[in-house]
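Asker: Here the protein sequences come in this chain order: Y and E.
Numbering-wise, the UniProt record's numbering puts 52 at position 52 of the first sequence, and it's gapless, one number per residue.
Numbering-wise, the UniProt record's numbering puts 91 at position 91 of the second sequence, and it's gapless, one number per residue.
Ideal Cβ positions, reconstructed from N, Cα and C, are used throughout, including at glycine.
There are 2 protein chains.
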Amino acid sequence: MAVYLATTSAPVNIACIKYWGKRDTKLILPTNSSLSVTLDQDHLRSTTTSRADASFEKDRLWLNGIEEEIKPVGRMATCIAEMKRLRKELVEDKDPSAAPLSKYFVHIASYNNFPTAAGLASSASGFAALTASLAELYKLPSTPTELSLIARQGSGSACRSLLGGFVAWNAGDLESGSDSFAVQVAPETHWPDIHALICVVSDTKKGTSSTSGMQRTVDTSPLLQHRIKEVVPQRMKDISAAIIARDFDRFAEITMADSNQFHAVALDTSPPIFYMNDVSRSIIAVIEEYNRVAMLPENGGKRKAAYTYDAGPNAVIYAPSANIKEIVSLIVRYFPQQETFKDPFSLFGAAGVGAGAVIPGFNENVAKTWEAGSVKGLIHTRVGDGPRVLRVEESLLGDNGLPLKTA
Amino acid sequence: MAVYLATTSAPVNIACIKYWGKRDTKLILPTNSSLSVTLDQDHLRSTTTSRADASFEKDRLWLNGIEEEIKPVGRMATCIAEMKRLRKELVEDKDPSAAPLSKYFVHIASYNNFPTAAGLASSASGFAALTASLAELYKLPSTPTELSLIARQGSGSACRSLLGGFVAWNAGDLESGSDSFAVQVAPETHWPDIHALICVVSDTKKGTSSTSGMQRTVDTSPLLQHRIKEVVPQRMKDISAAIIARDFDRFAEITMADSNQFHAVALDTSPPIFYMNDVSRSIIAVIEEYNRVAMLPENGGKRKAAYTYDAGPNAVIYAPSANIKEIVSLIVRYFPQQETFKDPFSLFGAAGVGAGAVIPGFNENVAKTWEAGSVKGLIHTRVGDGPRVLRVEESLLGDNGLPLKTA
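Dropping the structure here:
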């Protein structure tokens with residue numbers, strides 16, 4: 001008997017032009033376009049196995065080994081139903097010999113290789129991996145952009161994780177949402193030199209969820225509409241041009257401005273929403289000072305790093321690979337690390353990072369030295385590719401159709 | 001021989017609609033109108049004595065007992081020159097028997113009764129007291145609004161300290177600045193029940209000065225122009241109407257929204273400007289939760305407090321007097337005090353505030369309990385009157401024309 005099984009992995013993406021606000025909360029249609037960098041799956045990924053079988057009695061889902069309820073009208077159910085519809089329309093209706101997988105229930109197991117405590121949203125990579133694995137299971141002829149329409153309905157930013165490199169999510173105009181999809185601005189091979197340093201910031205406070213927060217901003221911020229109509233469209237053009245031209249200085253300028261503007265409209269919300277804390281602010285101060293020195297004529301006159309913050313206190317610092325060693329040293333100088341820096345690109349050799357260091361001309365007083373653990377971890381990664389189909393040996397579901405790995 | 005001497009005091013004001021951005025940096029003409037509450041001089045004030053004498057050899061100034069240089073083309077020199085011009089035009093040119101004070105040098109001594117460490121801007125009350133004392137010295141027939149044109153050129157927000165109660169600073173349109181003055185929306189007697197609790201927040205970091213910060217916002221924030229053109233004009237009308245109607249709920253809603261929007265455009269600046277810190281954010285969380293409970297139908301359905309933050313981490317909480325005891329208790333619960341609360345309105349009696357307390361229905365988890373000293377002091381005051389002329393016994397200058405009080 002045939003076994004219908006597929007395993008894929010999908011990447012995390014971190015936006016440079018931020019998505020904040022929906023014009024349709026059911027279809028997850030955004031109020032503005034956004035643009036992200038896809039991060040390398042060698043470091044951060046969600047892996048998902050999907051299996052369809054005539055013997056299964058209902059659709060079931062396990063996240064990190066724990067079964068989750070698939071709510072009847074929820075986002076997960078929508079994605080699965082949409083993928084079954086594509087299977088029927090694009091495969092079974094055209095080829096009567098194709099197995100009727102659209103009629104079978106599915107078992108899905110998904111696993112993130114980064115801890116929830118890392119504070120990275122797993123919904124983007126998770127829904128991208130789900131969509132990609134069902135597309136492989138169902139042998140759909142769909143392009144990543146077509147699949148992004150489905151992933152978008154699971155979690156908006158998931159649509160951007162269907163593609164590698166530099167990815168734009170076009171807001172679209174249609175009520176149906178059929179023009180609200182992700183497209184690749186440039187593949188990772190165009191500008192592989194873009195690296196990322198994720199600074200995992202300790203936070204005691206549970207922040208406002210992005211789903212409820214963004215709608216509060218839509219409802220109450222007088223500044224948001226100006227951002228949507230007047231600011232973001234030009235920034236989308238400008239940052240796309242910067243990516244095509246591999247102009248890091250301009251890329252950094254726009255990325256930082258848009259991160260700050262996203263947090264500005266969150267603050268312009270009633271009641272106000274804060275995601276960054278004093279540690280986040282100190283990281284900004286360090287990177288701004290680093291850029292101030294870099295922008296001096298004698299130092300080349302260009303920015304060397306760009307911070308960006310999503311709906312939480314963690315910083316993601318983008319930089320050309322040659323600058324990462326300096327940046328890690330600076331961060332470690334102000335935010336002493338409790339754990340050894342995992343150095344996947346072997347920047348520091350056997351001696352390790354040590355106590356960190358500032359660079360010549362850097363004003364040390366831009367931040368205080370924080371207590372160890374204020375930044376509780378650093379993850380060094382880089383731009384990467386889109387979802388990957390994995391071998392059957394990497395399946396997360398056993399022969400019995402249940403997860404191999406439990407939490 | 002006649003002694004020409006005048007002593008006045010002037011109040012602090014705290015804006016509800018914020019001034020942020022100049023259209024003319026020399027004349028100090030703002031990009032938008034603003035509105036403030038004048039605070040009671042019984043608690044916080046600048047006192048200034050001016051003396052004109054034919055024997056003086058130059059204009060001299062002492063702030064808190066320390067002589068300050070009067071820079072030739074600086075703001076202080078501008079104010080003194082403008083006041084001498086008014087003396088000549090409005091008094092001496094009309095009455096040949098008037099003493100030629102406009103030709104004499106002046107000695108000026110000014111003293112703030114609140115420590116610089118309180119983090120309250122002293123430039124507003126200081127320039128208002130200076131202007132008022134010279135107006136009294138020169139026996140000018142000018143109204144407070146006319147004098148506000150001069151004080152504005154010393155420090156923009158000083159123009160609002162020329163009047164008591166609720167004061168609007170009209171941005172004006174003219175290049176000359178002659179329509180950019182302060183007017184009283186309502187006197188303190190109209191709504192004497194508005195009290196204020198100033199929470200002095202400890203901050204290690206030297207913030208961006210408001211003078212340089214606001215111009216960076218004008219130069220780089222894409223959101224500021226929208227605030228100036230589309231948001232502030234309506235808010236000025238709405239909050240003026242709320243004041244006239246003594247509608248605290250509406251007053252609070254607008255005040256908090258405008259404080260947050262000011263900090264939002266500061267954050268939308270490149271590099272971003274942060275004035276609030278994690279303690280400031282926690283105070284916001286406490287007041288928002290206090291209002292959430294108050295706005296429940298069973299509790300009256302209306303806001304009971306309004307926070308506002310200037311260019312620093314200190315909160316000013318406006319509230320009807322009946323709510324201040326609850327608010328102090330809440331603040332002390334989350335921000336334990338090292339010093340005994342000075343209780344000028346005798347809210348707490350002999351037992352004092354104690355450890356503070358929350359109110360029924362309040363979600364205690366909106367903030368953590370901070371270490372003692374995070375909020376290093378609480379000042380309870382209320383809406384108050386405009387500049388006062390003081391008796392000669394309160395002069396800060398001695399018979400020799402030098403300050404009586406030294407630092």
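(1) Taking Cβ positions, are Ala77/E and Ser46/E nearer each other than 9 Å?
(2) How far does the alpha helix (DSSP H) with Asn255/E in it extend, from its first residue to its last?
(3) If Ala186/E sits next to Met236/E, beta carbons under 8 Å apart, how far is it from one beta carbon to the other, in whole angstroms?
(4) At the level of alpha carbons, what is the spacing between Asp258/E and Ser125/Y?
(5) Output the boundary residues of the beta strand (DSSP E) element that contains Asn400/Y.
(6) Look at Tyr19/E and Met83/E and say whether their C-beta atoms are less than 9 Å apart.
(7) Hey, out of Thr116/E, Gly373/E, Val316/E, whose CA is closest to Ile379/E's CA?
(8) Pull out every residue of the region 248-260 of chain E whose Cβ sits closer than 8 Å to any Cβ of chain C, in chain order.
(9) Mind checking which residues open and close the alpha helix (DSSP H) that includes Leu86/Y?
(10) Nearest chain Y C-beta to Thr362/E closer than 9 Å, yes or no?
(11) What did DSSP end up calling Lys26/Y once you bin it into helix, strand or coil?
(12) At a CB-CB cut-off below 9 Å, which residues of chain E make contact with Leu296/Y?
(13) Does Asn277/E get closer than 9 Å to chain Y when you measure Cβ to Cβ?
(14) What residue does the alpha helix (DSSP H) around Ile287/E start on, and which one ends it?
(15) Counting C-beta neighbours from all protein chains within 10 Å, is the total for Phe345/Y 16 or more, i.e. buried, or is it exposed?
(16) Using 8 Å as the cut-off, can you tell me whether the region 333-351 of chain E makes contact with the region 298-309 of chain E, which would need three or more C-beta pairs spanning the two stretches below that distance?
(17) Does Gly377/E come out as helix, strand or coil in the three-state DSSP assignment?
(18) Considering Cα atoms alone, identify which of Thr31/Y, Gly301/Y, Leu149/Y, Arg382/Y is closest to Val218/Y.
(19) With C-beta atoms as the reference, is Ala109/E less than 9 Å away from Thr48/E?
(20) Is the Cβ of His226/Y closer than 9 Å to any Cβ of chain E?
(21) Would you say Ala132/E reaches chain Y, if we count a Cβ-Cβ gap shorter than 9 Å as a contact?
(22) When we look at the beta-carbon of Thr131/E and count the other beta-carbons within 10 Å, is it buried (16 or more) or exposed?
(23) For the alpha helix (DSSP H) containing Ile331/Y, list its first residue and its last residue.
(24) So who's on the other strand from Leu224/Y, going by DSSP bridges?
(25) Distance cutoff 9 Å, beta carbons only. Does Arg281/E sit that close to anything in chain Y?
(26) Do Thr381/Y and His43/Y have their C-beta atoms within less than 9 Å of each other?
(27) Show which residues of chain E have a CB atom less than 9 Å away from the CB atom of Val286/Y.
(28) Check the DSSP bridge columns for Val167/Y and list the partner residues they point to.
(29) When the distance is taken between beta carbons, is Ile70/Y closer than 9 Å to Phe274/E?
(30) Suppose you measure from the CA of Ser97/Y to the CA of Met214/Y; what does that come to, to the nearest Å?
(31) Nearest-angstrom Cα distance between Leu390/E and Leu163/E?
(32) Residues of chain E with CB under 7 Å from Pro271/Y, in chain order?
(33) Is Ala77/Y close to chain E, meaning its C-beta is less than 9 Å from at least one C-beta of that chain?
(34) Please list, in chain order, all residues of the same chain as Phe127/Y whose beta carbon is under 6 Å from its beta carbon, the five residues on each side excluded.
(35) Chain E partners of Phe274/Y, CB-CB under 7 Å?
(36) Using 8 Å for Cβ pairs, my map puts Phe181/Y next to Ser148/Y. What's the rounded Cβ distance?
Answerer: So, from the data block:
(1) In the second sequence, the residue the question calls residue 77/E occupies position 77. In the second sequence, the residue the question calls residue 46/E occupies position 46. No. Outside cutoff.
(2) Taking the first residue of the second sequence as position 1, residue 255/E is located at position 255. Note that residue 255/E is Thr in the sequence shown, not Asn. Segment 248-267, the alpha helix (DSSP H) holding Thr255/E.
(3) Walking along the second sequence from the start, residue 186/E turns up at place 186. Walking along the second sequence from the start, residue 236/E turns up at place 236. With a Cβ gap of about 14 Å, Ala186/E and Met236/E do not count as contacting.
(4) As a working mapping, residue 258/E is identified with position 258 in the second sequence. As a working mapping, residue 125/Y is identified with position 125 in the first sequence. Looking at the two C-alpha atoms, the distance is approximately 38 Å.
(5) The count along the first sequence starts at 1 and reaches residue 400/Y at position 400. Run containing Asn400/Y: none; DSSP gives neither H nor E here.
(6) What you label residue 19/E is simply residue 19 of the second sequence in a count that begins at 1. What you label residue 83/E is simply residue 83 of the second sequence in a count that begins at 1. It is not a contact, given that the beta carbons lie outside the stated cut-off.
(7) As a first step, residue 379/E is located in the second sequence; it is residue number 379 there, counting from the start. Selected option, being the one with the closest Cα: Val316/E.
(8) Annotation note: the requested chain C is absent from the structure, which comprises protein chains Y and E.
(9) Translated into positions along the first sequence, residue 86/Y becomes position 86. Element bounds for Leu86/Y: 75-86.
(10) Mapped onto the second sequence, residue 362/E falls at position 362. Thr is not the amino acid found at residue 362/E; the sequence shown has Phe there. No, its Cβ sits nowhere closer than 9 Å to a Cβ of chain Y.
(11) Stepping through the first sequence from its first residue, residue 26/Y is reached at position 26. Coil.
(12) By 1-based counting over the first sequence, the position of residue 296/Y is 296. Result: empty, since nearest Cβ-Cβ is about 15 Å, beyond 9 Å.
(13) In the second sequence, residue 277/E corresponds to position 277, counting from 1. It does: the Cβ of Asn277/E has a partner Cβ on chain Y nearer than 9 Å.
(14) As a working mapping, residue 287/E is identified with position 287 in the second sequence. First-last of the alpha helix (DSSP H) with Ile287/E: 278-294.
(15) As a first step, residue 345/Y is located in the first sequence; it is residue number 345 there, counting from the start. Exposed, because fewer than 16 other Cβ atoms sit within 10 Å of the Cβ of Phe345/Y.
(16) no
(17) Reading the second sequence from its first residue, position 377 is the one you call residue 377/E. Gly377/E falls in the strand class under three-state DSSP.
(18) Taking the first sequence and counting its residues from 1, the one referred to as residue 218/Y is at position 218. Ranking Thr31/Y, Gly301/Y, Leu149/Y, Arg382/Y by Cα distance to Val218/Y puts Thr31/Y first.
(19) Taking the second sequence and counting its residues from 1, one reaches residue 109/E at position 109. Taking the second sequence and counting its residues from 1, one reaches residue 48/E at position 48. Yes, the pair counts as a contact, with Cβ atoms nearer than the cut-off.
(20) Residue mapping note: residue 226/Y aligns to position 226 of the first sequence, counting from 1. Output row for His226/Y: interface = yes.
(21) Locating residue 132/E in the second sequence gives position 132, where the first residue counts as 1. Ala132/E does not count as touching chain Y.
(22) In the second sequence, counting from the first residue as 1, residue 131/E sits at position 131. Counting Cβ neighbours within 10 Å, Thr131/E comes out buried, since at least 16 surround it.
(23) Numbered from its first residue, the first sequence carries residue 331/Y at position 331. Note, Ile331/Y: alpha helix (DSSP H), 324-334.
(24) In the first sequence, counting from the first residue as 1, residue 224/Y sits at position 224. Leu224/Y is not bridged to any residue.
(25) Taking the second sequence and counting its residues from 1, one reaches residue 281/E at position 281. Closer than 9 Å: yes.
(26) Working through the first sequence from its first residue, we reach residue 381/Y at position 381. Working through the first sequence from its first residue, we reach residue 43/Y at position 43. Cβ distance < 9 Å, so Thr381/Y and His43/Y count as in contact.
(27) Along the first sequence, one-based indexing puts residue 286/Y at 286. Those do not exist, as Val286/Y stays about 11 Å from chain E at its closest Cβ, beyond 9 Å.
(28) In the first sequence, the residue the question calls residue 167/Y occupies position 167. Note: Val167/Y sits in a beta bridge opposite Ser36/Y, Gln184/Y.
(29) Walking along the second sequence from the start, residue 274/E turns up at place 274. Walking along the first sequence from the start, residue 70/Y turns up at place 70. No. Outside cutoff.
(30) As a working mapping, residue 97/Y is identified with position 97 in the first sequence. As a working mapping, residue 214/Y is identified with position 214 in the first sequence. Spanning the two alpha carbons is a distance of roughly 46 Å.
(31) Taking the first residue of the second sequence as 1, we reach residue 390/E at position 390. Taking the first residue of the second sequence as 1, we reach residue 163/E at position 163. Going from the Cα of Leu390/E to the Cα of Leu163/E covers about 16 Å.
(32) On the first sequence, position 271 is the one that residue 271/Y refers to. Neighbours of Pro271/Y on chain E, chain order: Glu288.
(33) For this step, residue 77/Y is matched to residue 77 along the first sequence. Taking Cβ atoms only, chain E never reaches closer than 9 Å to Ala77/Y, which makes this a no.
(34) In the first sequence, residue 127/Y corresponds to position 127, counting from 1. Within the same chain, Phe127/Y has close Cβ partners Ala151, Gly154, Ser155, Ala158.
(35) Taking the first sequence and counting its residues from 1, one reaches residue 274/Y at position 274. In chain order: Arg281.
(36) Numbered from its first residue, the first sequence carries residue 181/Y at position 181. Numbered from its first residue, the first sequence carries residue 148/Y at position 148. 5 Å between Cβ atoms; contact.
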